[in-house]
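Residues in the sequence shown are numbered consecutively from 12, following this note's numbering. Glycine included, C-beta positions come from ideal geometry on N, C-alpha and C. Only a predicted model underlies this, so the values are computations on that prediction, with no experimental measurement involved. Some notes on the structure that comes next.
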Amino acid sequence: MATVAPVQAENIPEDGTNKGKKKKWYKKVIGKLIPPIWPKLIEERHYEYASKGLIELEQKIVQGLEESTLHMKELEPLYGKLKAEVFRVIKKSFTSKDKELLQEAIQVIVEQESEDSKCIPELENEGSSRPKGWMQAWKECIRQTVEERIQDLPQEEKLNGPPTIISPIVAIGRLFKGDLIHLVTHLKACYPEDFDVCNTYAQHYHRHIKIRTEEIAQFELCEKDNFAVLYWVQNLYPNEILKNPKLAGHIDDSRLECLLSQEAVQMLENNFLRNERDSYDEHMNKAINFEVELWKKEMEPKMLGSHYHSELQIDIVQRHVGSLKKAAELRPELERKLSAVLQLNLYDVIKITDLCHKEAKLRSGLRESTTSQLLKLEDSIYNALLQDFFVDIKNNFKKMSQGSSPFSYQTMQNIIRIAENFMEPFHTLLDESYKVLSGKIHKFLVQEHLARILKRKVSYKSAQQMQTLATQIGENAELIDSFSAFYVSLFYIITITATLKTDLF
Numbered sequence: 012m013a014t015v016a017p018v019q020a021e022n023i024p025e026d027g028t029n030k031g032k033k034k035k036w037y038k039k040v041i042g043k044l045i046p047p048i049w050p051k052l053i054e055e056r057h058y059e060y061a062s063k064g065l066i067e068l069e070q071k072i073v074q075g076l077e078e079s080t081l082h083m084k085e086l087e088p089l090y091g092k093l094k095a096e097v098f099r100v101i102k103k104s105f106t107s108k109d110k111e112l113l114q115e116a117i118q119v120i121v122e123q124e125s126e127d128s129k130c131i132p133e134l135e136n137e138g139s140s141r142p143k144g145w146m147q148a149w150k151e152c153i154r155q156t157v158e159e160r161i162q163d164l165p166q167e168e169k170l171n172g173p174p175t176i177i178s179p180i181v182a183i184g185r186l187f188k189g190d191l192i193h194l195v196t197h198l199k200a201c202y203p204e205d206f207d208v209c210n211t212y213a214q215h216y217h218r219h220i221k222i223r224t225e226e227i228a229q230f231e232l233c234e235k236d237n238f239a240v241l242y243w244v245q246n247l248y249p250n251e252i253l254k255n256p257k258l259a260g261h262i263d264d265s266r267l268e269c270l271l272s273q274e275a276v277q278m279l280e281n282n283f284l285r286n287e288r289d290s291y292d293e294h295m296n297k298a299i300n301f302e303v304e305l306w307k308k309e310m311e312p313k314m315l316g317s318h319y320h321s322e323l324q325i326d327i328v329q330r331h332v333g334s335l336k337k338a339a340e341l342r343p344e345l346e347r348k349l350s351a352v353l354q355l356n357l358y359d360v361i362k363i364t365d366l367c368h369k370e371a372k373l374r375s376g377l378r379e380s381t382t383s384q385l386l387k388l389e390d391s392i393y394n395a396l397l398q399d400f401f402v403d404i405k406n407n408f409k410k411m412s413q414g415s416s417p418f419s420y421q422t423m424q425n426i427i428r429i430a431e432n433f434m435e436p437f438h439t440l441l442d443e444s445y446k447v448l449s450g451k452i453h454k455f456l457v458q459e460h461l462a463r464i465l466k467r468k469v470s471y472k473s474a475q476q477m478q479t480l481a482t483q484i485g486e487n488a489e490l491i492d493s494f495s496a497f498y499v500s501l502f503y504i505i506t507i508t509a510t511l512k513t514d515l516f
């Protein structure tokens, strides 16, 4: 094959104001078909011009033009060198600030893919090297980049708080978030939309995180690690990373598989409920036994100001609230489940007063002081037990006056039914504690009923309308009375009457 005599390569014009000169120079070089110029273009990082020139040479070779003095095999090393340089730029884009070079590298991929699209397999000339698959090579480059960045993470990544079993995964998640924010802020504009660059990176990072999370979940985890994995899966990863405000609209999380199967999550949640219950039991028993020992030793309680003080009620209620807060950080439904579990543990604490009267051999004055503190403890526990119930009842009372009937009998029936269902698990309480609990509910029902009557503005012109209203109010009151009578709380009526004047008026 004839060869073209080597011609000294002209100096390549710089970018910027000399673009017109550069275009003329490019056409001149292409016309001369000087092979030595392409390595020079690549070395000096003029990737787009090198790509265009190689494509034109390739077309001339495929078309068999007379002036073509090259074989296709002579272009492949040049393509290989160009591809290596282009994807080196892609890999370094997270640490480089050269946007123009990145745009040029991406444009080469676009041009090569465009040339591939012109390739019709059944009409290919013999010797054609198309398709070259640069887009697929780009995706593979992204995969390798993600893997290399994960491998380059420090072995001991600094995290907030003590290390846990998920600390290495959290470090990957932090890298994921940082890289995606950098991508959105600095690099995404360089890519055509069809590259879907953010989701491409996200899917590779997510795959690594999912694999490692699944591996950890297979172990028998301690209480701390079990909670850490749940918190990562249900709160930290979805909310702090995938739904980070800076990434809003850039990641389609519907295309990402769940980190764990529903069965694995259910197992972790069951472990969490059991761990919290056991830990709560242990904590409560230690606190109560400590106080019991003090009573048995007839030790006088500490003074706070002019009153005796005990940390027991604060300690137990804070532990109760803290457990529910942990569950709420995972998901609301888990908080409700844990609340039901922990309520059962509070029942025994209510019996402390009876223990004081029967077993603690205290001096007369000390007995009264201790009893007073225990009554305050009881009151705090009752409030913890009834808090969610009262919210539910109050919401139902609000519905009563929203319909056509000012005081719906059906709504009151539903309220009483809710109260009866709430009382059902408490049948194992001591009689006195059972009466107190039902009495508190009775008081609340009366308060809310009277509050609705006082807040409701009515203006009836006929005696019949007034009589109907009075009948509705009376029927609702009878339902409340029947409830209280059934639960033997009539003894509490005197106290209710006295306190209602203060609470309502």
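Starting from K1, follow the beta strand (DSSP E) in both directions and report where the run begins and ends.
There is no way to answer for residue 1, as the model of the chain reaches only from 12 to 516.
Close beta carbons around Y37, own chain, < 8 Å, minus the five adjacent residues each side
Caution applies to Y37, whose pLDDT of 49 falls short of 50 and renders its modelled position unreliable; the model cannot decide the point.
Do three or more CB pairs link the region 213-226 to the region 186-199 at distances below 8 Å?
yes
Closest by CA to Q424, which one among T106, L456 and L396?
L456
Alpha carbon of C209 to alpha carbon of Q155, nearest angstrom:
15 Å
Pair within 8 Å by beta-carbon distance, I220 and I180
yes
Using three-state DSSP, classify I41 as helix, strand or coil.
Any answer about I41 is weak, because its pLDDT of 49 lies below 50 and its placement is not dependable; what the coordinates show is given next. It is helical.
I'd like the list of long-range same chain contacts for N407, defined as Cβ closer than 6 Å, with 5 residues on each side in sequence excluded.
I426
Can you have a look at L164 and say buried or exposed, based on whether 16 or more other CB atoms are within 10 angstroms of its CB?
exposed
Could you pull the start and end residues of the alpha helix (DSSP H) that E111 belongs to?
K110 to S128
What are the boundary residues of the alpha helix (DSSP H) that V100 is part of?
M83 to K102
Helix, strand or coil, according to DSSP, for Q229 in the structure here?
coil
Nonlocal neighbours in the same chain, by C-beta distance under 6 Å from K452, ignoring five residues either side:
The amino acid at residue 452 is misidentified as Lys; the sequence shows Ile. Once the five neighbours on either side are set aside, the close Cβ partners of I452 are A430.
Residue of E115, E124, A148 and Y90 minimising C-alpha distance to Y58
E115
By the DSSP assignment, the alpha helix (DSSP H) with N487 in it spans what residues?
A474 to F497
Excluding the five sequence neighbours on either side, which residues of its own chain have a C-beta within less than 8 Å of the C-beta of Y531, listed in chain order?
Coverage of the chain is limited to positions 12 through 516, which leaves residue 531 absent and any answer about it impossible.
Rounded straight-line distance, which links the Cα of T482 to that of Y420
10 Å
Would you report the Cα separation of W149 and P256, rounded to the nearest angstrom?
28 Å
Give the secondary structure of T175 by DSSP, where H, G and I count as helix, E and B as strand, and everything else as coil.
coil
If you drop the 5 nearest sequence neighbours on each side, which residues of the same chain put their C-beta closer than 7 Å to that of A339?
E346
Quick one: what's got a C-beta closer than 7 Å to Y202's C-beta in the same chain, skipping five residues either side?
I117 and V208
Measure the beta-carbon distance from K102 to C152 and round it to whole angstroms, keeping in mind my assumption that it falls under 8 Å.
6 Å
Taking 8 Å as the cut-off, decide whether the C-beta atoms of I227 and I176 are in contact.
yes
Following the continuous alpha helix (DSSP H) through L305, name the residue where it begins and the one where it ends.
Q273 to K307
What does the alpha-carbon distance come out to for the pair K43 and L89?
Because the pLDDT at K43 is just 48, under 50, the model does not fix this residue reliably, and the value given afterwards should be weighed accordingly. Between K43 and L89, the C-alpha separation is close to 17 Å.
Can you tell me which of N432, D205, T422 and I327 puts its alpha carbon nearest to the alpha carbon of H460?
T422
Test item: CB-CB of V119 and V97 under 8 Å:
yes
K348 and L284 closer than 8 Å at C-beta:
yes
My understanding is that F418 touches N487, with C-beta atoms under 8 Å, so please give their C-beta distance in whole angstroms.
6 Å
Compute the Euclidean distance between the alpha carbons of E306 and A496, then round it to the nearest angstrom.
In the sequence as presented, Glu is not what sits at residue 306; that position holds Trp. Rounded to the nearest angstrom, the two C-alpha atoms are 37 Å apart.
Just the Cα atoms here: how many angstroms apart are G492 and Q478?
Just to set this straight, residue 492 is Asp in the shown sequence, not Gly. So the alpha carbons of these two residues sit roughly 21 Å apart.
For A474, which residues from the same chain have a beta carbon less than 7 Å from its beta carbon, with the 5 sequence-adjacent residues on both sides left out?
none
Can you check which of these residues, R185, F437 and E280, is closest to E251 by C-alpha distance?
R185
Out of curiosity, what's the CA-to-CA distance linking A509 and K454?
Any reading at A509 is ruled out, since the residue's pLDDT is 42, under 50, leaving its predicted position unreliable.
May I ask you to report which of helix, strand or coil DSSP gives C269?
coil
Under three-state DSSP, which class holds H425?
His is not the amino acid found at residue 425; the sequence shown has Asn there. Helix.
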